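**Student:** Residues -32 to -1, 1 to 465 (mature numbering (1 follows the signal peptide of the UniProt record, and there is no 0)) make up the sequence shown, in order. Each residue gets a CB set at the ideal place from its N, CA and C atoms; glycine is no exception. A quick note: this is a predicted structure, and the numbers were derived from the prediction, not measured.
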Amino acid sequence: MRDSFGVTESTMNPGLWLLGLLVWAQFGQGNGQQSVLEYHQMDGPEPPPGLRRIPLNKMESRRRKLQRSGEWKDYKRLKKKLERQSYLSFASISSDAAHGNFVHSVNNYDDVEYIGNITIGSPPQVFRVVLDTGSANLWVPDYNCGQTTSTTTCPDECNVKPNLCQYLCDHTCCTTTTQAKVTSTLNSFVNNIKDKLPLFPLFDRIKRSTSTANACDTKNKFNSTASSTYVATNTSFAIYYGSGSSSGFFGTDTVAFINANNSTLSIPHTTFGQATHMAQVFANQPIDGILGLAFQALAVNNAIPPLVNAINQNLLNQSLFSVWLAGESSNSSAGGAFTYGGIDTEHCADEINYVNLTRAAYWQFRLDEVRIGNFSRDYGWEVISDTGTSFLGVPSRVAAKIAKEAGANYSSDYDAYLIDCDATFPDLILKINGIDYPIASNELIVGDGLCELAIFTYSAGKGDLTPKWILGDPFIREYCQVYDYGNKRIGFAQAIV
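Below, the structure is given as structure tokens:
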């Protein structure tokens, strides 16, 4: 029987997949060339037969990288100045938006710390993607990404901080100031070592790699002409990410999840986006695209998400998947794992408490109450579980109360609640479906030297079913998430340390 979201509820063929995320050993070279992967094996016993595992390791997020360099506060200021102008411009000119084919992403990906790998096509082409339960489309750069002529206007703010321009503005806005500075510095350096001619190709490569690049330039790109199973469509897409949009067209091909042993879960006839333009927010990040794991109702053009497509084709044991993230203080090199078609019994406790979804688009449900120290509030909120968010997104008034009880202070410079790295405070307790889920203080303090409380102010729109909270990594690290498509529910199990 097929439900209203395209999920077939039936006895599945054997296939229990434990997949995770990894850090890539080498970035893609652009122009359709593929990356070299380095797998880091997880500690512990081999998985049971039928289980496929990929380690989930952390990378450094843009937020932390810019905090270390002292540029985060300037980045946030510049981003805020550009966001409203960018959104209004995009929404007013996008034909996709006019036809309803438009999505405003819940994530901005500044905090992305985990990436995974998939392949598309026959023979397979490898891509590194964010596994994101807060969106529902798969997209990667097309072979022609970035080759169209830009008509972008360049706000004055783009050259206020040339080093930050590369993260937020169209690459054509950054070329003059930043490239001149880079070229001058490197030419001087090369002149000083010009007698060492064997080294010159290396410095030529450095010069090319440090220029202000189009967001597409360093990505792995999909070459449809190289795939024997590719089928073209005539449908476009556009997604807005805060500082710009990613857009292109849809195609259909075989998408595969692969594990550390190179075994694959192949999903034929899967619709995916081929981006011809990428938001600059993705520049200088070791990701090629996004793999959405939410419901079809959230997808641009009502495209069937890859995992839902796998369920519809009876490729999994059960119409669900589970997520385990290693704790913030964990010494393990493995960052966690995704299990498709079953539950990760190695890292998740046997007892699973389920709550029905209030809306099957996001993984959305009801949060009854929040408590910490002397503060409690039982207002009741719509919330979503989101693997693409590294912090907890909290309504502003509640965020201020939580920060006060934790001993954190808001910094307008960093747009963050700063806290002593060694601070301890009472558990943050979330009550869901009558059950308390405490989050320990060590899971809510992130950083090294400069530390933040892992919450941010999340301002949602109005409406009874509009999500008001985002439960990201701090909650998921404490409690494995079981995302049950077939029963339209989500379950929580204590993560096993």
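Using the Cα positions of ARG457 and TRP349, report the straight-line distance between them to the nearest angstrom.
**Tutor:** 17 Å
**Student:** Taking 8 Å as the threshold (C-beta atoms), are PHE225 and THR232 in contact?
**Tutor:** Cβ distance < 8 Å, so THR232 and PHE225 count as in contact.
**Student:** Leaving out the 5 sequence neighbours to the left and right, which residues in its chain are closer than 8 Å to ASP395 when beta-carbon positions are compared?
**Tutor:** ILE340, PRO406, ILE407, ALA408, SER409
**Student:** With a threshold of 16 other CB atoms inside 10 Å of the CB of LYS430, please say whether the residue is buried or exposed.
**Tutor:** If you draw a 10 Å sphere on the C-beta of LYS430, you find fewer than 16 other C-beta atoms in it, and that means exposed.
**Student:** Tell me the rounded alpha-carbon separation between PHE393 and GLU373.
**Tutor:** 7 Å
**Student:** By the three-class DSSP mapping on this structure, what secondary structure does PHE460 have?
**Tutor:** For PHE460, the secondary structure class from DSSP, reduced to helix, strand or coil, is strand.
**Student:** Are the beta-carbon atoms of GLU411 and ARG445 separated by less than 8 Å?
**Tutor:** yes
**Student:** Whose C-beta lies closer than 7 Å to the C-beta of LEU433 among residues of the same chain, with five residues either side of it excluded?
**Tutor:** THR326, ARG327, GLU350
**Student:** Hey, out of ASN112, ILE207, ASN401, whose CA is closest to ASP336's CA?
**Tutor:** ASN401
**Student:** Measuring CA to CA, which of ILE235, SER215, ALA428 is closest to GLY352?
**Tutor:** The question names Gly, but residue 352 in the sequence shown is Ile. With distances taken between Cα atoms, ILE352 lies closest to ALA428.
**Student:** Rounded to a whole number of angstroms, what is the C-alpha to C-alpha distance between LEU34 and TRP40?
**Tutor:** Going from the Cα of LEU34 to the Cα of TRP40 covers about 5 Å.
**Student:** Identify which residue in SER287, SER379, ASP404 has its Cα closest to the Cα of SER344.
**Tutor:** Comparing Cα positions, the closest option is ASP404.
**Student:** Can you check whether the CB of HIS315 is closer than 8 Å to the CB of TRP292?
**Tutor:** yes
**Student:** Locate the alpha helix (DSSP H) running through LYS369, then write down its first and last residues.
**Tutor:** 364 to 374
**Student:** Could you check the C-alpha separation between ASN280 and PRO274 for me, to the nearest Å?
**Tutor:** 10 Å
**Student:** Can you tell which of PRO92, ASN182, ILE413, ILE258 has the C-alpha that lies nearest to the C-alpha of LEU99?
**Tutor:** By alpha-carbon distance to LEU99, the top candidate from PRO92, ASN182, ILE413, ILE258 is ILE258.
**Student:** Assuming PHE190 contacts GLY89 under a Cβ cut-off of 8 Å, what Cβ separation, rounded to an integer in Å, is found between them?
**Tutor:** Contact flag correct, Cβ pair sits at about 7 Å.
**Student:** Can you check whether the CB of LEU360 is closer than 8 Å to the CB of PRO442?
**Tutor:** It is a contact, given that the beta carbons lie within the stated cut-off.
**Student:** Which word fits GLN253, buried or exposed, when buried means at least 16 other C-beta atoms lie within 10 angstroms of its C-beta?
**Tutor:** buried
**Student:** Just to confirm the assignment, what range does the alpha helix (DSSP H) spanning LEU412 have?
**Tutor:** Taken as a continuous stretch (DSSP letters only), LEU412 belongs to no alpha helix (DSSP H), as it is neither H nor E.
**Student:** With LEU275 as the anchor, note down where its alpha helix (DSSP H) starts and where it stops.
**Tutor:** 274 to 280
**Student:** How long is the line joining the alpha carbons of LEU106 and SER234, rounded to whole angstroms?
**Tutor:** 15 Å
**Student:** Around the C-beta of ALA305, are 16 or more other C-beta atoms found within 10 angstroms, so that it is buried, or is it exposed?
**Tutor:** buried
**Student:** Quick check: what's the CA-CA separation for LEU398 versus TYR382?
**Tutor:** Cα to Cα, LEU398 sits roughly 27 Å from TYR382.
**Student:** Excluding five sequence neighbours on each side, which residues of the same chain lie with their C-beta closer than 6 Å to the C-beta of GLY114?
**Tutor:** ASN182, CYS184
**Student:** Helix, strand or coil: how does DSSP classify TYR451 here?
**Tutor:** strand
**Student:** Can SER213 and ALA247 be called in contact, C-beta distance under 8 Å?
**Tutor:** In this structure, SER213 lies near ALA247, with their beta-carbon atoms less than 8 Å apart.
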